[in-house]
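Enquirer:
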Ligand SMILES: [Zn+2]
């Protein structure tokens, strides 16, 4: 009688000319970010120009992929229609990870029971394929 | 150049809020109806007529229902006025306080004598158009399952607890105080007393954010009318003057790729408002702080300079009720009175006007002469609120 539940897709990043290098790199298992050649600032999320000095000489730079959990939350409820695809993952952990080079990135903590995630814990990047050819950088305990 | 005394609020209008409209057969009011209703109430309060607004100013706050580029024009069409100046409130929850300064500047410059600030939303009645998310959210938060502001404020709150040692008892005290004020406010939506235990037992939404940390989405409309000092004389109600004002958007304490999210733009715009007003913290009789989430109230109290950062003792000791040394959320705040989308911040402006007129009834702060209100909107990637504004209002200039 009941039809099989449709798989609700999770939102995927829209790949633009500005963000393409980042996603090309994650597909190769590398974490890169823009860095300003004029003032040395990290620029994240990807931008056409440096948010600190306005310079346009931004250089994609490889990161170690290591960092620490700066803040985190356990997601327990879906909010909004666009995110219903995450319902079956609940509860899961989203976090702000401060990378050892400085910039902060928003991601998930994986490979670890949710009640063992702590602020300050050391993590390293792993890449999960979210759709064909699109790899999301996530973090697991190191 | 200062906006001190440049304009006064002369009328306020607030429709009842409701959460109906989601099921077939339930009465539905649209955003347009709430908008017209709130405007009518504000006109009555001020003793003005609709025709007084032809050739004057209209400031319309964008909502998630009506985010089209012509919203101020459509609002004018709905209200049947022909403004000489249209101001568009695009600062989300900060718009209500932001537009107060923008309106005062247009009045001070002599372009208009009156500006009506209108705000309405009916998220439970109208499905609305799909939200257009900024690129950072669309590409670098949503694919990781970040559930909008609930999650983003949870990041901030988790870090705040880690750095400050604040616990659910500290947050709960704010929630309990706001609810106590709501029990004294006939216009509040949630009026049942709330205990600290009930707060702590409310379900986790997004650790460490609990149900009673979160605002109550609602349908509703609000409006307030700003007038030049000359025009404000001899109207129905006593004018409530703008004493100080400031706005700061995309504030970043520290490098933008690694900001301190515990420091909000309120630190900057609050300082500007105090300087303009020429008053000190001790002169302020009550605060109406933007409260889509409880912990944000505490960060603002710190950033406004009422205490140092992470001062647990201050939050444990201070009586924030209307009888206390620093009353906050005197009408119950948005968490109890409801938040009609991005128009929610108008609540604090209107409540401040009521207090300063002495119309607070059972929740009146005795002898209130100066009040401070804030607005916040958007939550930026890895940071805190993107839009912030502060205003200081007074019954006397
Ligand atoms: Zn630069």
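Residue numbers (the numbering used here), protein chains in the order written: chain A, 73 to 214; chain B, 8 to 404.
Where is the CB? At the ideal position from N, CA and C, for every residue including glycine.
1. Would you check whether ligand 1 has a heavy atom nearer than 7 Å to the C-beta of residue 259 of chain B?
2. Would you report the Cα separation of residue 3 of chain B and residue 225 of chain B, rounded to the nearest angstrom?
3. Assess contact between the stretch 352-364 of chain B and the stretch 74-84 of chain B, defined as three or more Cβ pairs (one per stretch) separated by less than 8 Å. Is contact present?
4. Of the residues that make up the stretch 165-177 of chain A, which ones have a beta carbon closer than 7 Å to any beta carbon in chain B?
5. DSSP three-state call for residue 219 of chain B: helix, strand or coil?
6. Give me the subset of the stretch 122-148 of chain A whose CB atoms are less than 7 Å from a CB atom of chain B, sorted by chain position.
7. Taking the runs of the beta strand (DSSP E) that are 3 residues or longer, which of them lie wholly in the stretch 96-152 of chain A?
8. Report all residues for which the CB-ligand distance to some heavy atom of ligand 1 is below 5 Å; order them along the chain.
9. Given residue 26 of chain B, which residues of its chain have a CB within under 6 Å of its CB, disregarding the five upstream and five downstream residues?
10. Could you check what DSSP says for residue 163 of chain A in three-state terms: helix, strand or coil?
11. Taking the Cβ atom as the reference point for each residue, do residue 121 of chain B and residue 64 of chain B lie within a distance shorter than 8 Å?
12. Over the uninterrupted alpha helix (DSSP H) stretch that includes residue 180 of chain B, give me the two end residues.
13. How far does the beta strand (DSSP E) with residue 88 of chain B in it extend, from its first residue to its last?
14. Taking a Cβ distance cut-off of 9 Å, strictly less, list which residues of the stretch 261-275 of chain B are near chain A, in chain order.
15. Is residue 389 of chain B close to chain A? Criterion is C-beta to C-beta, closer than 8 Å.
16. Helix, strand or coil: which one does DSSP assign to residue 61 of chain B?
17. Can you list, in chain order, the residues of its chain with a C-beta nearer than 6 Å to that of residue 162 of chain B? Leave out the 5 residues immediately preceding and following it.
18. Determine, using beta carbons only, whether residue 91 of chain A comes closer than 8 Å to chain B.
19. Would you check if the distance between the CB atom of residue 104 of chain A and the CB atom of residue 143 of chain A is smaller than 8 Å?
20. To the nearest whole angstrom, what separates the beta carbons of residue 279 of chain B and residue 15 of chain B, a pair I think is in contact under 8 Å?
21. Buried or exposed for residue 139 of chain B, please, with buried defined as at least 16 other CB atoms from any protein chain shown within 10 angstroms of its CB.
22. Classify residue 353 of chain B as helix, strand or coil using the three-state DSSP reduction.
23. Look at the alpha carbon of residue 80 of chain A and the alpha carbon of residue 160 of chain A, and state the distance between them as a whole number of angstroms.
Expert: Looking at the atomic coordinates:
1. As a first step, residue 259 of chain B must be located in the second chain, where it is residue number 252. The answer is no for residue 259 of chain B.
2. With chain B running from 8 to 404 in the structure shown, residue 3 of chain B is simply not present.
3. Cβ pair count under 8 Å is below three, so no.
4. Cβ contacts with chain B: 166, 168, 170, 174, 175, 176.
5. Counted from its first residue, the second chain places residue 219 of chain B at position 212. Helix.
6. If the cut-off is 7 Å between Cβ atoms, the stretch 122-148 of chain A has 123, 124, 142, 143, 144, 145, 146, 147, 148 near chain B.
7. Counting only runs of 3 or more, we get 104-108, 130-134, 138-147.
8. Matched residues: A:108, A:110, A:111, A:113, A:122, A:124, A:125, A:127.
9. Within the second chain, the letter at position 19 stands for residue 26 of chain B. Contacts found: 131, 225.
10. Here residue 163 of chain A is taken as the residue at index 91 of the first chain, counted from 1. The three-state secondary structure of residue 163 of chain A, taken from DSSP, is coil.
11. The count along the second chain starts at 1 and reaches residue 121 of chain B at position 114. The count along the second chain starts at 1 and reaches residue 64 of chain B at position 57. Using a Cβ distance threshold of 8 Å, residue 121 of chain B and residue 64 of chain B count as a contacting pair.
12. The count along the second chain starts at 1 and reaches residue 180 of chain B at position 173. If you look at residue 180 of chain B, you'll find it in the alpha helix (DSSP H) that goes 175-190.
13. Residue 88 of chain B sits at position 81 when you count from the first residue of the second chain. Per DSSP, residue 88 of chain B lies in no beta strand (DSSP E) segment and is marked neither H nor E.
14. Here the close residues are 262, 263, 264, 265, 266, 268.
15. Translated into positions along the second chain, residue 389 of chain B becomes position 382. Residue 389 of chain B counts as touching chain A.
16. As a working note, residue 61 of chain B is residue 54 in the second chain. Residue 61 of chain B falls in the coil class under three-state DSSP.
17. For the purposes of this step, residue 162 of chain B is taken as residue 155 along the second chain, with counting starting at 1. Excluding positions up to five away in sequence, the list is empty.
18. In the first chain, counting from the first residue as 1, residue 91 of chain A sits at position 19. Cβ-Cβ to chain B under 8 Å: yes for residue 91 of chain A.
19. By one-based count along the first chain, residue 104 of chain A stands at place 32. By one-based count along the first chain, residue 143 of chain A stands at place 71. Taking a C-beta distance under 8 Å as the contact criterion, residue 104 of chain A and residue 143 of chain A do not qualify as a contact pair.
20. The sequence position of residue 279 of chain B within the second chain is 272, counting from 1. The sequence position of residue 15 of chain B within the second chain is 8, counting from 1. Between residue 15 of chain B and residue 279 of chain B the Cβ distance is about 20 Å, and since that is not below 8 Å, they are no contact.
21. For the purposes of this step, residue 139 of chain B is taken as residue 132 along the second chain, with counting starting at 1. Classification of residue 139 of chain B: exposed, given that the 10 Å Cβ count is below 16.
22. The count along the second chain starts at 1 and reaches residue 353 of chain B at position 346. Here residue 353 of chain B sits in helix by DSSP.
23. Here residue 80 of chain A corresponds to residue number 8 of the first chain, with the count starting at 1. Here residue 160 of chain A corresponds to residue number 88 of the first chain, with the count starting at 1. Their Cα atoms are separated by approximately 10 Å.
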